[in-house]
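Visitor:
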Amino acid sequence: MKQPDSLKALITQLTAPSEEATSSDREQEEDTLYNFGFIDEDSKREVRRKLLKAVAIPGHLVPFASRDLPVAKGWGTGGLQITLALVKPDDTLKVIDQGDDDSVNAVNLRRFIQKTTNLQVTTDTLEATIVQTRHRVPEEPLGEDQILVLQVPMADPLRWVEPSIERSTEMHAEADYAPIWVYMYESVVRSGDVDISSQYPVMVEERYLMDTTPAPRYDVPALHMSKTLYLYGAGREKRIYAIPPYSRVAPLEFEDYPFKTEQKPGQACEKCGSTATYLTQHYIEAKSVDGTASHSATNGTEGYWAFFCSDTSYCNKRKKVI
Amino acid sequence: MGYVATKGGTEAVLKAEQLVEYFRLRGESEPIRIEQIQDQFRLAVDRAMGEGSLYAPALAALALKQSEGDAVEASFLLRAYRSTLPRLSYSLPTSGARMRAIRRISSTFKDIPGGQLLGPTRDYQPRLLNTLLNHESSQTVRRYLADFEAQVRQNSPSDGQVGYFPKVIESMRAQGIMAEAEKGAEEEEPFDVTRKAISFPAPRSVRLQILTRGDNGSLLAFAYSSIRGYGDVHPTLGEMRVGYLPVEVNHPLTGEVVEIGEILATECEMVSRVKSTNEAEEESSPKFGLGYGFSFGHGEDKAVSMAILDRVLSASKAGKLHGQSGPAANEEFVLLHVDAIEASGFTAHYKLPHYVTFQADIRVLERAKDHATAKSAESAEKHRRFRQKLALPTEADEVERIMPDNGEDEG
Amino acid sequence: MQIVWLQSPQTKIYYNASTFRHLLDSLARPGKLNQLEYPEIPGGWLDEAPTHPTRENATLNPYALGAFLSLIDGEVSFAIASGGTWLQQESAAVRWLSLRSGASLKSPSAVAFAFFCEGRSGGLLKELSQGTLLEPESSATAFYCVEQLSDTPKTGRDWLELELSGPGILHSRRLYVAGMERSEIVAINASRGNYPLGIDLYLIDTLGQCVGLPRTTKILNR
Ligand SMILES: [Zn+2]
Numbered sequence: 081m082k083q084p085d086s087l088k089a090l091i092t093q094l095t096a097p098s099e100e101a102t103s104s105d106r107e108q109e110e111d112t113l114y115n116f117g118f119i120d121e122d123s124k125r126e127v128r129r130k131l132l133k134a135v136a137i138p139g140h141l142v143p144f145a146s147r148d149l150p151v152a153k154g155w156g157t158g159g160l161q162i163t164l165a166l167v168k169p170d171d172t173l174k175v176i177d178q179g180d181d182d183s184v185n186a187v188n189l190r191r192f193i194q195k196t197t198n199l200q201v202t203t204d205t206l207e208a209t210i211v212q213t214r215h216r217v218p219e220e221p222l223g224e225d226q227i228l229v230l231q232v233p234m235a236d237p238l239r240w241v242e243p244s245i246e247r248s249t250e251m252h253a254e255a256d257y258a259p260i261w262v263y264m265y266e267s268v269v270r271s272g273d274v275d276i277s278s279q280y281p282v283m284v285e286e287r288y289l290m291d292t293t294p295a296p297r298y299d300v301p302a303l304h305m306s307k308t309l310y311l312y313g314a315g316r317e318k319r320i321y322a323i324p325p326y327s328r329v330a331p332l333e334f335e336d337y338p339f340k341t342e343q344k345p346g347q348a349c350e351k352c353g354s355t356a357t358y359l360t361q362h363y364i365e366a367k368s369v370d371g372t373a374s375h376s377a378t379n380g381t382e383g384y385w386a387f388f389c390s391d392t393s394y395c396n397k398r399k400k401v402i
Numbered sequence: 015m016g017y018v019a020t021k022g023g024t025e026a027v028l029k030a031e032q033l034v035e036y037f038r039l040r041g042e043s044e045p046i047r048i049e050q051i052q053d054q055f056r057l058a059v060d061r062a063m064g065e066g067s068l069y070a071p072a073l074a075a076l077a078l079k080q081s082e083g084d085a086v087e088a089s090f091l092l093r094a095y096r097s098t099l100p101r102l103s104y105s106l107p108t109s110g111a112r113m114r115a116i117r118r119i120s121s122t123f124k125d126i127p128g129g130q131l132l133g134p135t136r137d138y139q140p141r142l143l144n145t146l147l148n149h150e151s152s153q154t155v156r157r158y159l160a161d162f163e164a165q166v167r168q169n170s171p172s173d174g175q176v177g178y179f180p181k182v183i184e185s186m187r188a189q190g191i192m193a194e195a196e197k198g199a200e201e202e203e204p205f206d207v208t209r210k211a212i213s214f215p216a217p218r219s220v221r222l223q224i225l226t227r228g229d230n231g232s233l234l235a236f237a238y239s240s241i242r243g244y245g246d247v248h249p250t251l252g253e254m255r256v257g258y259l260p261v262e263v264n265h266p267l268t269g270e271v272v273e274i275g276e277i278l279a280t281e282c283e284m285v286s287r288v289k290s291t292n293e294a295e296e297e298s299s300p301k302f303g304l305g306y307g308f309s310f311g312h313g314e315d316k317a318v319s320m321a322i323l324d325r326v327l328s329a330s331k332a333g334k335l336h337g338q339s340g341p342a343a344n345e346e347f348v349l350l351h352v353d354a355i356e357a358s359g360f361t362a363h364y365k366l367p368h369y370v371t372f373q374a375d376i377r378v379l380e381r382a383k384d385h386a387t388a389k390s391a392e393s394a395e396k397h398r399r400f401r402q403k404l405a406l407p408t409e410a411d412e413v414e415r416i417m418p419d420n421g422e423d424e425g
Numbered sequence: 006m007q008i009v010w011l012q013s014p015q016t017k018i019y020y021n022a023s024t025f026r027h028l029l030d031s032l033a034r035p036g037k038l039n040q041l042e043y044p045e046i047p048g049g050w051l052d053e054a055p056t057h058p059t060r061e062n063a064t065l066n067p068y069a070l071g072a073f074l075s076l077i078d079g080e081v082s083f084a085i086a087s088g089g090t091w092l093q094q095e096s097a098a099v100r101w102l103s104l105r106s107g108a109s110l111k112s113p114s115a116v117a118f119a120f121f122c123e124g125r126s127g128g129l130l131k132e133l134s135q136g137t138l139l140e141p142e143s144s145a146t147a148f149y150c151v152e153q154l155s156d157t158p159k160t161g162r163d164w165l166e167l168e169l170s171g172p173g174i175l176h177s178r179r180l181y182v183a184g185m186e187r188s189e190i191v192a193i194n195a196s197r198g199n200y201p202l203g204i205d206l207y208l209i210d211t212l213g214q215c216v217g218l219p220r221t222t223k224i225l226n227r
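In order, the protein sequences belong to chains P, U and H.
The opening position of the first sequence corresponds to residue 81 in this note's numbering, with each subsequent residue numbered one higher.
The opening position of the second sequence corresponds to residue 15 in this note's numbering, with each subsequent residue numbered one higher.
The opening position of the third sequence corresponds to residue 6 in this note's numbering, with each subsequent residue numbered one higher.
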């Protein structure tokens, strides 16, 4: 399977200046249409001040004003505002959704950021200085000079047990997390597992209960003592929070019911063979008779379900090595 | 491969953009001009400005054209555009009394100071489809306007007094039947939810700002829920007026007050009895409390709904008896759910790919299934052992007993 | 290309972004030295920069001023102290900061940002807000201007040797500071005994090296 060049083409088209346009022309255009990074400087400053406080109080939800963006609320505006407050012209950006650089919403967000910053973009996790993501932490370990920005829909892990923000803010203040423990205990008794599949709650630095965004449990261990700074933005909920590097992050678990990820032993990616990545199910249409089916479907006419890495860039890299 | 294809996402997005444009144009009718939308879709423009939180009729008309008339999408476009505008100055507080009204009514008294002015309203028109509009032409429009203007010239009132009215609420205040507004709130700089993060409980200025930016339909539904049964505010319309309000700023150099323009707006004041938990207090001075509604342009449903909700929330916040019941009396619940841009964004976000989380959900479901199977096997085993202990027939024996062997099985 | 940038009105925007990244990294990795950019903005950001309020013929640390300005605006308030006293509205430094940022001077307990012109607050640190349990983020952030910072061993009477640990630090980290009073470390530690309350700090030296000490950092004076 060959990766089509459309993404690369778009990236080139957006980054490379047309032959007659000089660099100053491009800047002119940037100037007149939008501020660098779309949102105005005062708004960026507000996000920045809140980011600093979020880093200083790991796992604590910091309210911020949250501007309206040309992207729908709930579609990544929190992560986007963080990225726009972070970026400087020499950054290299990667945007993924479900681990995929070419997922429709990742494409849209990347287009928007590029249009307003003229930033270098990449699909290679290791090349990026900033990675903006929804629902996944990249498979390749991130380094100290990288920042991971996560888009967050719900923000407050207590929402499971307490819908009122006024009340849940008090619970966080008092570190009163008994209700979530009860909720988890009951679900283990009832169904043999914690009901919360993704956005699994964790304790950060033994003080704040934190929502891991709907990232799979598989990604939770990557948050503990990581080399990288994790920044979380919830645009609609108007909250920012952070996990600094080398911070202790522990998923909630019971002594007799330890934290479990989704992985099934032995399951492997059908593209790259990896057994140590997060996999998602894909339906593979049967190929027509003259098609070049790489897999013999059971009866020759029906499609089948296959498991692939959700991190497409990493999967492609592995395939190339193989 | 579907819309979340591991490849071709970029291409799909670009093609989708082309398709949107194609579907907008494929009827091949005359392109609609912005000016036409601004003039003839007045109320849609007003709504987009209100929810978009930007008073700019021409831009709102453009947004409506671009969004093919989708009200929420149009206000979304305006909101996003609004984020790019620098805030040059703050306008000075104004008062509804300074409105040049085209309509003002009160349902508290038949005759009010200044009198009732029905103005442009469909309230008392039978809602019949007007098939004549099918054949409306520039000519019929011109003729109508000429006739109407001739009529106006004949009855034109004396200059200088047109459209300015005292406020009904003020006369009620003078009669001593209105509860006084919270002291100090007027002097306070209003909170700005677009600049600062809110938390709860929120000041009244937060409430008013969120409500006036709120979705018409949501405000209507919440207000309706409260007056229909899930609440105990029984409001009366003190006054509603529609008209032109001056916008004034301090001149940046001289500091003088300068009028820089006017906006069309709708203002509404609802009143209802303030009931107190404290009987003595109620005995001594029964009063009416005020709820305030405001909307850009001509937006009566919105202004009335907002005024009802403001009243309900004030009442519930004051800890008085009424307003404690019903969802519309829950400040956080109302304020966090009336914004069209936020609500539609998050509701629509389920269209985004969720296959990573869904895979996780499947795994948890599988575990729950295994657990259920194990549990039922376990309880069946317990049951069997229990019956054995009591020397009761096992379930298998039971089945045999109930279904007597008719000998055919063997055949 | 470089020249275009320097002359572009965007320069301040880029300076703010780059400075923020250093400040963020400093706070995320306490004790790590980050080299700040010199805030030489065309259009005269540093024009008529105030001289040191209490030291004759000395300038105020331009790196620290630039970093401080990159975070404040009309939405927040600040306080500035020199020689152990808070400066008043009429002081040149206050007027300069207000004019450049739109931020207003307020009483120390109410401000989001505080600037100490030296490596000591003279007991003023404890007047700043440590936040509340409901809003620990409402606490102040304070900037100290110190003489010199180093991550390699320094000895001598002028140098403090600090051992840092906490989030952002793998095991522990050594930091050497010149131009900071030993008693200030005691005051800093006293301000962070009640986590999640506390004041977040930056130390910036005359060469523009910056260190962040968030409230989570434990500081041991060796
Ligand atoms: Zn793979």
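C-beta atoms are modelled at their ideal positions from N, C-alpha and C, and glycine is treated no differently.
Taking 7 Å as the cut-off, is the C-beta of T357 (chain P) nearer than that to any heavy atom in ligand 1?
Guide: yes
Visitor: Under three-state DSSP, which class holds H362 (chain P)?
Guide: strand
Visitor: Against chain P, which members of the stretch 170-184 of chain H pass a CB distance test of less than 9 Å?
Guide: G171, P172, G173, I174, L175 and H176
Visitor: Verify the contact flag: R190 (chain P), CB atom, against every heavy atom of ligand 1, threshold strictly below 7 Å.
Guide: no
Visitor: Please output, in chain order, the residues near ligand 1 using a CB cut-off of less than 5 Å to any non-hydrogen atom of the ligand.
Guide: P:C349, P:K351, P:C352, P:S354, P:C389 and P:C395
Visitor: Does DSSP put V318 (chain U) in a helix, in a strand, or in coil?
Guide: helix
Visitor: So, under 8 Å CB-CB, P233 (chain P) and G154 (chain P) are touching, yes? Tell me the CB distance rounded to an integer number of Å.
Guide: A Cβ-Cβ distance of about 6 Å is found for the pair P233 (chain P) and G154 (chain P), placing them in contact under the 8 Å criterion.
Visitor: Would you mind sorting R162 (chain H) into buried or exposed? The rule is 16 or more other CB atoms within 10 Å of its CB.
Guide: exposed
Visitor: Here's the rule I'm using: 16 or more other beta-carbon atoms within 10 Å means buried, otherwise exposed. How should H149 (chain U) be labelled?
Guide: exposed
Visitor: Does DSSP put R239 (chain P) in a helix, in a strand, or in coil?
Guide: Secondary structure at R239 (chain P): helix, using DSSP grouped into helix, strand and coil.
Visitor: Closest by CA to L173 (chain P), which one among P:A145, P:L206, P:L141 and P:M283?
Guide: P:L206
Visitor: Just the chain P side, please: which residues come within less than 7 Å of P219 (chain H) by C-beta, in chain order?
Guide: Neighbours of P219 (chain H) on chain P, chain order: V135 and A136.
Visitor: Keeping to the same chain, check which residues put their C-beta closer than 6 Å to that of S327 (chain P); ignore five residues upstream and five downstream.
Guide: P138 and E285
Visitor: Which residues does DSSP list as the beta-bridge partners of M283 (chain P)?
Guide: P:L289 and P:A330
Visitor: Identify every run of the alpha helix (DSSP H) within the stretch 112-157 of chain U, keeping only runs that are complete inside it and at least 4 residues long; order them along the chain.
Guide: Segments of the alpha helix (DSSP H) lying fully in the stretch 112-157 of chain U: there are none.
Visitor: Give me the residue from H:K223, H:G217, H:D210 and H:E95 with the minimum Cα distance to L65 (chain H).
Guide: H:D210
Visitor: With a threshold of 8 Å between beta-carbons, can S97 (chain U) be considered close to chain P, or not?
Guide: Yes - at least one Cβ of chain P is within 8 Å of the one on S97 (chain U).
Visitor: Can you find a CB in chain H that lies within less than 8 Å of the CB of T196 (chain P)?
Guide: no
Visitor: Can you list, in chain order, the residues of its chain whose CB lies under 6 Å from that of A88 (chain U), leaving out five sequence neighbours each side?
Guide: A62, A77, L78 and S81
Visitor: Cβ of R191 (chain P) within 8 Å of Cβ of L76 (chain H)?
Guide: no
Visitor: At a Cβ threshold of 8 Å, is S393 (chain P) touching chain H?
Guide: no
Visitor: Can at least three beta-carbon pairs, one atom from the stretch 232-252 of chain U and one from the stretch 319-330 of chain U, be found at a separation below 8 Å?
Guide: yes
Visitor: Tell me which residue opens and which closes the alpha helix (DSSP H) that Y19 (chain H) is part of.
Guide: T16 to A33
Visitor: For I193 (chain P) and L149 (chain P), I'd like the C-alpha separation in whole angstroms.
Guide: Taking the straight line from one Cα to the other gives about 11 Å.
Visitor: Using a beta-carbon distance cut-off of less than 9 Å, what residues from the stretch 213-238 of chain U approach chain P?
Guide: S213, F214 and P215
Visitor: Thinking C-beta only, is H362 (chain P) closer than 8 Å to A386 (chain P)?
Guide: The Cβ atoms of A386 (chain P) and H362 (chain P) sit closer than 8 Å to each other.
Visitor: Report yes or no: is there a C-beta of chain H within less than 8 Å of the C-beta of Q146 (chain P)?
Guide: In the sequence on display, residue 146 (chain P) carries Ser and not Gln. Answer no: the Cβ-Cβ gap between S146 (chain P) and chain H never drops below 8 Å.
Visitor: Pull up the distance between the alpha-carbon of R377 (chain U) and that of G198 (chain H), whole angstroms please.
Guide: 43 Å
Visitor: Assign H368 (chain U) to one of two classes, buried (16 or more other C-beta atoms within 10 Å of its C-beta) or exposed (fewer than that).
Guide: buried
Visitor: Which residue comes first and which comes last in the alpha helix (DSSP H) that contains Q161 (chain P)?
Guide: T157 to L166
Visitor: List the endpoints of the continuous beta strand (DSSP E) containing Y149 (chain H).
Guide: Looking at the DSSP string, the run of the beta strand (DSSP E) that includes Y149 (chain H) is T146 to C150.
Visitor: Here's a check: name, in chain order, each residue in its chain whose Cβ is nearer than 6 Å to the Cβ of S123 (chain P), leaving out the five neighbours to either side.
Guide: R147
Visitor: CB I162 (chain P) to CB L131 (chain P), shorter than 8 Å?
Guide: yes
Visitor: Leaving aside the five residues before and after S286 (chain U) along the sequence, list all residues of the same chain whose C-beta is less than 8 Å from its C-beta, in chain order.
Guide: So the qualifying residues of the chain are V247, H248, P249, T250, F302, G303, G305, R325, A329 and H336.
Visitor: Is DSSP giving S104 (chain P) helix, strand or coil here?
Guide: Residue placement at S104 (chain P) cannot be trusted, given a pLDDT of 43 that sits under 50; the coordinates are not used to answer.
Visitor: Apart from the five residues just before and just after V272 (chain U), which ones in its own chain have a Cβ nearer than 8 Å to its Cβ?
Guide: Only E262, V263, N264 and H265 meet the Cβ criterion.
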